[in-house]
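*Asks:* Protein chains in written order, with the working numbering: chain C, -4 to 128; chain W, -4 to 128; chain L, -4 to 128; chain D, -4 to 128; chain H, -4 to 128; chain G, -4 to 128.
Even for Gly, the Cβ is constructed at its ideal location relative to N, Cα and C.
Sending over a structure as structure tokens; questions will come in a sec.
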């Protein structure tokens, strides 16, 4: 099920439980998903990755739903089945409709196609798009 | 500059010009970017890809800016320098602030990292996330 | 189980058996893994890929365990589930501890994240890092 | 040179300078590389990514040189030119010889090849390699 | 089985049925594969993607079998298990022998290896290969 | 220009010269491309990779031009600029017309798009496509 197995709440150390508690409180759920239970064998990393994830995915200049869509889009490009499944569910929970899902998916498909047409045509970057620090 | 060179407006066939005209009208600009000028050697494909791009990236259930952010996110994951340059510029034109850019970028970085942690840990998909048709 | 099925030892031609024998002797095992049994339909390629793998992964300036870690790291980046499973097992056999596994995985996650931050920020290579032949 | 330009030390805020100071002290250098100067427009992210990088890449169960080799290997797989240039230089500074470089590179090439042979042959994971949590 | 489930022929709208009919007629089969049944929730996209696929994969300057081989090669590089399975079957239907399969696969493996050796060695493009528009 | 620089013919050891001679004879040219000159610092690897490349890309069940098209297709998917430039030139030398180039490129774009639509829709493999060994 996972390289090192899952650490369940009842078997977790206090520091792992503290992360699990924050995950459940933040996500308003009583379930810890497999990813965190697999990562918990490395408590320092668990804490860091959770805090990163929580902070980056929370409200800011971009709506949390927009960030979920971006997260799913990247996971699709990288063919990460687990991440697609988990974050498609999260996106729905945050309000993604079927129509939004279709448009996100179409955009991901288009970008992946155009990325390769550009590469295959060996297109030079337009003068006006060159980054100028 | 490109495998087959660029087709400039003045050298373009009527069918290629029709696409160029629609690009300029849609984007409210008088410039055709290098990608389209490189693709124009294949007029059927030029027309199709432009129509796809125009239709997918236009307003719908998702805001055009959100779609640009998704497009840039995918292009970053795929390391397509041309696409990153061109669509970062488009995203700005559609209202992306620096704060939005930072949050999009952080999300892309996070997703790429987590995608690999999941793979490396060989995490099984949670029962509740399994797609059920 | 595989596109063309597996070729078991008892059904193998002498040239395939010779490779199987070398695999088992080198790895001190009596099992041929599925990859080689699937590749054996192309005996020339089987022989070459095995010799490549054996020679590259053996002791040299880098310890065989270090090479396994690099191999797993690449396989994680490429999301090759089979390769992650097989080479994580090999790495353990060669001495990878859980702590080493966590550090390798953290490095892979970090590199994947930073690779994209660099791309998204369109960072130019520093003068002092430019390759000079 | 970079999407938002570089923030030089003399123009940096106190919080950015604190990170720059730690980078220079840790790496025993008086140069800040372009990546950090580009990321500095987002000071929170700069601080986090630097601390992540510093902590993950430092000594632990794996030698810092081994981590650099893993970092370069991933960057090569992802075709990140900047990261390859910067971390090949870091690896050398930490003791990578030409022979080590050749062996690392051979391993990366081999893994990338085998990852695809496995995928193309649709090889099922061997029973003994299945992760069992 | 799929994010939104499958739309079977008997439950399909007239516009979806029209696409299904064309797929079956073109491919001389009475089965619609899962991909199209999953995509059918977005009928506009279904129609477009089918027409694109049909037109691009049909006879032209390249033989349909050659296009299938290219399609499989790309899918292997991207580790798309579904696409590898479906298009390996299509390639066989169009005449791919085992020997052709082996040669295609060897080429894919080689290209993936060399792509990384080039990146790791930071090889500059030869003057004679530079695209000149 | 390259991590370790290029080894020119006049500075090469006898074993490297032997490979260079075979490259020039096989390709009917008097130029060694940068890739081989960069790889020549590792003579064992140079010899192996050249022999692999020569043998795999030569005539067999698939035409050498078809193999070049597959090679370019993979290199485009992987965004390897050097490989795209070099092998697009090789493909032309072997008879690739502009029409063939357009069709190859369209196929690569399509496959990259469909690979992601499949992933995003989480499509299960059809029963009839499952590999059965």
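Where residue 8(C) and residue 16(C) are concerned, what is the direct C-alpha to C-alpha distance, given to the nearest angstrom?
*Replies:* 12 Å
*Asks:* Using a cut-off of 8 Å between C-beta atoms, extract the partners of residue 73(G) located in chain D.
*Replies:* 74
*Asks:* Under 9 Å between the Cβ atoms of residue 131(D) and residue 120(L)?
*Replies:* In the structure as shown, chain D starts at -4 and stops at 128, and residue 131(D) therefore has no counterpart that could be examined.
*Asks:* Flag this pair as touching only if the stretch 76 to 86 of chain D and the stretch 44 to 54 of chain L have three or more C-beta atom pairs under 8 Å; answer yes or no.
*Replies:* no
*Asks:* Do residue 110(G) and residue 29(H) count as a contact pair if the criterion is CB distance below 9 Å?
*Replies:* no
*Asks:* To which residues of the same chain is residue -1(G) closer than 8 Å at the C-beta, ignoring the five residues directly before and after it?
*Replies:* 33, 36
*Asks:* Quick check on residue 105(C): does DSSP put it in helix, strand or coil?
*Replies:* helix
*Asks:* For residue -3(H), count the other beta carbons within 10 Å of its own beta carbon; 16 or more makes it buried, fewer makes it exposed. Which is it?
*Replies:* Buried, since its Cβ has 16 or more Cβ neighbours within 10 Å.
*Asks:* For a test of the three-state rule: what should DSSP assign to residue 128(C), helix, strand or coil?
*Replies:* Any reading at residue 128(C) is ruled out, since the residue's pLDDT is 44, under 50, leaving its predicted position unreliable.
*Asks:* Less than 9 Å separating the beta-carbons of residue 99(G) and residue 54(G)?
*Replies:* no
*Asks:* Let's see if you can read the secondary structure: which residues bound the alpha helix (DSSP H) around residue 76(H)?
*Replies:* 76 to 88
*Asks:* Could you name the residues of chain D that residue 120(H) contacts, counting a contact when the two beta carbons are closer than 7 Å?
*Replies:* Near residue 120(H) there are no residues of chain D at all, since even the closest Cβ is about 12 Å away, more than 7 Å.
*Asks:* Can you find a CB in chain D that lies within less than 9 Å of the CB of residue 12(G)?
*Replies:* no
*Asks:* Between residue 1(C) and the rest of its own chain, which residues show a CB-CB distance below 7 Å, the 5 nearest in sequence each way excluded?
*Replies:* 29, 32, 33
*Asks:* Using a Cβ-Cβ cut-off of 9 Å, state whether residue 88(H) counts as contacting chain G.
*Replies:* no
*Asks:* Along chain G, in chain order, which residues have C-beta atoms closer than 7 Å to that of residue 37(W)?
*Replies:* 97
*Asks:* Cβ closer than 7 Å: which chain A residues qualify as neighbours of residue 80(G)?
*Replies:* Absent from the structure: chain A. Protein chains present are C, W, L, D, H and G.
*Asks:* Measuring alpha carbon to alpha carbon, tell me which residue in 63(W), 14(W), 95(W) is nearest residue 103(C).
*Replies:* 63(W)
*Asks:* Identify the contact partners of residue -1(W) in chain G, using a Cβ-Cβ distance below 7 Å as the criterion.
*Replies:* 93
*Asks:* Please classify residue 41(W): does DSSP put it in a helix, a strand, or coil?
*Replies:* helix
*Asks:* Whole angstroms are fine: how far does the CA of residue 114(G) sit from the CA of residue 70(C)?
*Replies:* 9 Å
*Asks:* Would you kindly work out how many angstroms separate the C-alpha atoms of residue 5(C) and residue 21(C), rounded to a whole number?
*Replies:* 20 Å
*Asks:* Leaving aside the five residues before and after residue 89(H) along the sequence, list all residues of the same chain whose C-beta is less than 6 Å from its C-beta, in chain order.
*Replies:* Excluding positions up to five away in sequence, the list reads 59, 60, 63.
*Asks:* Run through DSSP, which three-state label would residue 24(C) get?
*Replies:* coil
*Asks:* Residues in the same chain with beta-carbon distance under 8 Å from residue 40(D), minus the five sequence neighbours each way, listed in chain order, please.
*Replies:* 34
*Asks:* Helix, strand or coil, according to DSSP, for residue 72(D) in the structure here?
*Replies:* helix
*Asks:* Are the beta-carbon atoms of residue 65(D) and residue 65(L) separated by less than 9 Å?
*Replies:* yes
*Asks:* What separation, rounded to the nearest whole angstrom, lies between the Cα atoms of residue 51(W) and residue 101(C)?
*Replies:* 7 Å
*Asks:* Would residue 43(D) be called buried (16 or more neighbouring beta carbons within 10 Å of its own) or exposed?
*Replies:* buried
*Asks:* Is the CB-CB distance between residue 105(H) and residue 108(D) below 9 Å?
*Replies:* yes
*Asks:* Assuming residue 96(G) and residue 80(H) form a contact by the criterion Cβ under 8 Å, report the distance between their Cβ atoms to the nearest whole angstrom.
*Replies:* The C-beta separation of residue 96(G) from residue 80(H) comes to about 28 Å, leaving the pair out of contact by the 8 Å criterion.
*Asks:* Where do the N-terminal and C-terminal ends of the alpha helix (DSSP H) with residue 1(D) fall, by residue?
*Replies:* Element bounds for residue 1(D): n/a, residue is neither H nor E.
*Asks:* At a CB-CB cut-off below 7 Å, which residues of chain L make contact with residue 40(C)?
*Replies:* 97, 101
*Asks:* Between 117(L), 94(L), 78(L), 56(L), which has its C-alpha nearest residue 117(D)'s C-alpha?
*Replies:* 78(L)
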